[in-house]
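Visitor: Sending over a structure as structure tokens; questions will come in a sec.
In UniProt numbering, the protein residues as written are 1 to 104.
As structure tokens, then:
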């Protein structure tokens, strides 16, 4: 699963042809670590329809503040450069897939 930064967020997320699921995450966040295997599986299964990336909030404050992310993990779906869905908190893969069904 790719990591994005303030420096490449524009190119990797905003400029992506595929919808992008961004996890705003932090090393110190247990629910974020819990989501790692779920997101890797999602990236492997849906890679042709959805790009999955992580952004570390501690090292990328510009993007974190630009999208007013306050809680970790926050998941944001971008399509055509615009945020179209935001979800806060860890969730099982099945529920995540259900919540993403209308953007895939």
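C-beta atoms are modelled at their ideal positions from N, C-alpha and C, and glycine is treated no differently. Keep in mind that this is a model prediction, so the values were computed, not measured.
Please report the Cβ distance between residue 72 and residue 25, rounded to the nearest whole angstrom; I am assuming they are in contact, meaning their Cβ atoms lie under 8 Å.
Guide: That belief holds up - the Cβ atoms of residue 72 and residue 25 are roughly 6 Å apart, short of 8 Å.
Visitor: Does the count of Cβ pairs from the segment 25–34 and the segment 45–53 closer than 8 Å reach three?
Guide: Too few Cβ pairs lie closer than 8 Å, so no.
Visitor: Buried or exposed: where does residue 54 fall if 16 or more other Cβ atoms within 10 Å of its Cβ makes it buried?
Guide: Buried is the call here.
Visitor: Less than 8 Å separating the beta-carbons of residue 6 and residue 70?
Guide: No; because the gap between Cβ atoms is not below 8 Å, this pair is not in contact.
Visitor: Report back the beta-carbon spacing between residue 93 and residue 38 to the nearest angstrom; my notes put them in contact at under 8 Å.
Guide: Right, their Cβ atoms sit about 5 Å apart.
Visitor: Would you list the one or two residues that DSSP bridges to residue 2?
Guide: Residue 2 is bridged to 53.
Visitor: Can you tell me whether residue 99 is helix, strand or coil according to DSSP?
Guide: Note: residue 99 maps to helix in three-state DSSP.
Visitor: Quickly, what does DSSP pair residue 88 with across the bridge? List them, please.
Guide: Note: residue 88 sits in a beta bridge opposite 74.
Visitor: Give the DSSP-derived three-state secondary structure of residue 48 in the structure shown.
Guide: Residue state, collapsed to three classes: coil.
Visitor: Is residue 83 helix, strand or coil when you go by DSSP?
Guide: DSSP places residue 83 in strand when its eight states are reduced to three.
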